[in-house]
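Numbering (the working numbering) for the sequence shown: 3 to 179.
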Amino acid sequence: MRSILFLGICSCYLLFMDNFIAPFIISPNLNLPLNNFPLTVCAINLLAAIQLPVAYACAATPPVVTPTPLQPPTQSPPVCCQPLLVSPTNNTNLSNGIMSFIYSSNTCRALAIATCSQPTVAPALQLMAGITVNQLNFINIQPATVSIPLVCNKLRQWETGEPPLVINTIQCILSAP
């Protein structure tokens with residue numbers, strides 16, 4: 003569509019040049035015959051050569067697209083953490099519960115679920131199970147059993163919660179309701 007429009011504009015431009023401007027250049031005193039075809043073509047070519055830069059300046063040029071070479075995505079090495087270790091509580095008002103960890107993989111531990119539970123005895127103890135991080139932060143507390151998700155961060159440290167809390171120590175505690 004653009005090329006047809008451009009050709010139409012150029013044709014009108016050349017017709018305009020031939021009928022209105024070229025006769026004045028070819029025979030300004032009107033002494034030469036106006037139907038002299040070679041002279042008219044020569045004048046049009048001369049005018050076109052002079053005016054082409056103006057005509058091309060108005061035409062839009064398509065953008066040049068340089069193809070970029072496709073490169074396979076580089077895979078970063080997986081982020082893996084060491085196994086978690088349970089720390090006993092130092093609080094004399096709380097008891098230690100049973101802590102277990104389930105990892106996303108035993109070869110590369112990227113995700114884990116920490117579960118704290120009370121011993122299974124008859125009759126049931128009916129204690130509250132809680133998980134604390136760094137001896138200070140209660141992450142979650144539930145009747146009998148509690149679980150929390152853990153993530154291995156880019157620095158290869160375990161973290162939990164939002165905002166993330168880096169785990170230095172993790173405890174499973176039991177308390178009376």
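Just so you know, even glycine gets a beta-carbon here, dropped at the ideal spot from N, CA and C.
CA nearest to the CA of residue i, picked from the options
i, options, result
"Ile-175", "Pro-90, Gln-73, Ile-150 and Pro-75", "Pro-90"
"Cys-83", "Thr-68, Pro-69, Tyr-105 and Thr-70", "Tyr-105"
"Arg-111", "Leu-167, Pro-71, Val-168 and Gln-159", "Gln-159"
"Met-130", "Ser-97, Asn-108 and Val-153", "Ser-97"
"Leu-113", "Ser-119, Thr-122 and Leu-86", "Leu-86"
"Val-168", "Thr-134, Thr-147 and Pro-145", "Thr-134"
"Pro-145", "Leu-138, Ala-124 and Gln-120", "Gln-120"
"Asn-92", "Leu-138, Pro-125 and Pro-75", "Leu-138"
"Gly-132", "Asn-108, Thr-147 and Val-123", "Thr-147"
Environment of residue i [buried if 16+ CB atoms lie within 10 Å]
i, result
"Ala-178", "exposed"
"Ile-172", "buried"
"Ile-115", "exposed"
"Gln-128", "exposed"
"Leu-34", "Reliability of the predicted coordinates at Leu-34 is poor, the pLDDT of 47 falling under 50, and no value is obtained from them."
"Leu-72", "exposed"
"Leu-152", "buried"
Beta carbon of residue i nearer than 8 Å to that of residue j
i, j, result
"Thr-162", "Ile-141", "yes"
"Pro-165", "Asn-155", "no"
Cβ shell of residue i (< 7 Å), same chain only, five flanking positions each side left out
i, result
"Asn-170", "Asn-136"
Beta-carbon contacts of residue i that lie in its chain and below 6 Å, excluding the five residues immediately before and after
i, result
"Thr-117", "Ser-102 and Ser-149"
"Ile-100", "Ser-119"
"Pro-75", "none"
"Val-88", "Met-101"
Can you check the stretch 71-141 for any beta strand (DSSP E) of at least 3 residues that lies completely inside it and give the ranges in chain order? Qualifying beta strand (DSSP E) stretches, in chain order: 100-105, 113-119 and 130-135.
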